[in-house]
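Residue 190 in the working numbering sits at position 190 of the sequence shown, with consecutive numbering throughout. The beta-carbon is built from N, C-alpha and C at its ideal position, and this holds for glycine as well. What follows is a short report on a single structure.
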Amino acid sequence: MDLSVSLGPLRLKNPLIAASGCFGYGVEYADLVDLSTLGAVAVKGLFLEPREGHPPPRIVETPSGMLNAIGLQGIGVRRFVAEMMPDLRRLGATVIVNICGSTRDEYVELARILSDVEGVAALELNISCPNIKEGGIQFGCSLTGTHGVVSAVRKATALPVIPKLTPNVTDVAAFARAAEEAGADAVSLVNTFLAMAIDVETRRPKLSNVMGGLSGPAIRPIAVRMVYECFQSTRLPIVGMGGIASAADALEFAIAGATAVQVGTANFVDPLIWTKLRAGIEDYLGRHGLTRWMDVVGTLDTAGR
Ligand SMILES: Cc1cc2nc3c(=O)[nH]c(=O)nc-3n(C[C@H](O)[C@H](O)[C@H](O)COP(=O)(O)O)c2cc1C
């Protein structure tokens, strides 16, 4: 079976990518998962400087999902390069670095630093970050903010650039088109949905940050719809995610138009999910008389619907 995929210039041996924030820096999982067998590992979002994130409670279980407000805790890009990249290289991981910024210049600086680091395969831009120069609106919630940050990073690096779209917009396809015009190599979607949960006994928000991001199977049908919308209106390869917990879920995204998929929240339930996903995909291809994952991508049949 040929599971290989191309995201613009980035070639992956298979379409299964660990989603940012749900797989640490990859090395934490190395005793359980052979990182070299994954399509790629998208590491936890990095700013230039270390961050502590929000105080607990910062994770809440919800029906078929989870709510988190970690607040982008991280070790900062320099420690990541010095302490994590040597192990990731040794383990044969294909590393996608998820980068975050409070200004456009911060993304550019991160891109410059990471461009010179051996073993970094691509940059995923977490544009669900507040732009402090535009009154705190997230880059990814404004078309000009999205276009601006993607084109600035594009000019600063030769690495593949993959903006990660937020679902907290009305017309996600317009954001995919803005990313395409700005020179992105692919788009990934979706990040988490803005949500909240309340303890009715205490009348207190369950998260210290009051609001957080919803992920897991609860969001999957919305994420699939958004991938399909982007597939219909851009030529960019799409990395789909949102609640994938089985091979059938991954295939659903592929049929809607995703060239590759990321798996996030499911890692908290089953860190050994990867071999099951792969076996399930190969079984599906075999049952359908196919030999390539790409034979499935974008094959939704809407005749008569
Ligand atoms: C605990 C947690 C931390 C996350 N951290 C990041 C992050 O640092 N950067 C990012 O782009 N997305 C982050 N995400 C979003 C996921 O990468 C993914 O887009 C989202 O959870 C939907 O996929 P899933 O339903 O498979 O988890 C995080 C999600 C969770 C649950």
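Would you mind reading off the limits of the beta strand (DSSP E) that contains residue i?
{"i": "ALA245", "result": "Neither: ALA245 is in no beta strand (DSSP E) and is coded neither H nor E."}
{"i": "ALA18", "result": "16-18"}
{"i": "GLN232", "result": "Looking at the DSSP string, GLN232 is not in any beta strand (DSSP E); the run it does join, the alpha helix (DSSP H), is 220-233."}
{"i": "LYS366", "result": "One cannot answer for residue 366 here, as it falls past the ends of the chain, which runs 1 to 305."}
{"i": "LEU7", "result": "5-7"}
{"i": "LEU214", "result": "211-215"}
Starting from residue i, trace the alpha helix (DSSP H) both ways and give me its first and last residue.
{"i": "GLY148", "result": "143-156"}
{"i": "SER102", "result": "Note, SER102: premise wrong, no alpha helix (DSSP H); not H, not E."}
{"i": "ILE127", "result": "That residue, ILE127, is in no alpha helix (DSSP H); it is neither H nor E in DSSP."}
{"i": "LEU277", "result": "273-287"}
{"i": "ARG77", "result": "It should be pointed out that residue 77 corresponds to Val in this sequence rather than to Arg. Where VAL77 is concerned, the enclosing alpha helix (DSSP H) stretches over 76-79."}
{"i": "ASN68", "result": "Run containing ASN68: none in the alpha helix (DSSP H); it sits in the beta strand (DSSP E), 65-68."}
Is residue i near ligand 1 - that is, is its Cβ less than 7 Å away from at least one heavy atom of it?
{"i": "GLY213", "result": "yes"}
{"i": "MET196", "result": "no"}
{"i": "LYS206", "result": "no"}
{"i": "GLY243", "result": "yes"}
{"i": "CYS22", "result": "yes"}
{"i": "ALA178", "result": "no"}
{"i": "THR265", "result": "yes"}
{"i": "LYS164", "result": "yes"}
Given that a residue counts as buried once 16 or more other Cβ atoms are within 10 Å of its Cβ, and exposed if not, what is residue i?
{"i": "GLY101", "result": "buried"}
{"i": "LEU123", "result": "buried"}
{"i": "MET211", "result": "exposed"}
{"i": "SER215", "result": "buried"}
{"i": "GLU201", "result": "exposed"}
{"i": "GLU52", "result": "exposed"}
{"i": "VAL224", "result": "buried"}
Thinking C-beta only, is residue j closer than 8 Å to residue i?
{"i": "CYS230", "j": "ALA176", "result": "yes"}
{"i": "VAL41", "j": "GLY26", "result": "yes"}
{"i": "GLY119", "j": "MET84", "result": "no"}
{"i": "ASN191", "j": "LEU165", "result": "yes"}
Do residue i and ligand 3 come close, with the Cβ less than 7 Å from some heavy atom?
{"i": "VAL227", "result": "As presented, the structure is devoid of ligand 3, carrying ligand 1 as its sole ligands."}
Item to check | Contact between the stretch 54-68 and the stretch 111-118 (3+ Cβ pairs under 8 Å) | outcome: The stretch 54-68 vs the stretch 111-118: no contact.
Next on the checklist: I want to know whether the stretch 92-111 touches the stretch 142-153 - three or more CB-CB distances under 8 Å.
Outcome noted: Contact between the stretch 92-111 and the stretch 142-153 is present, because at least three Cβ pairs lie under 8 Å.
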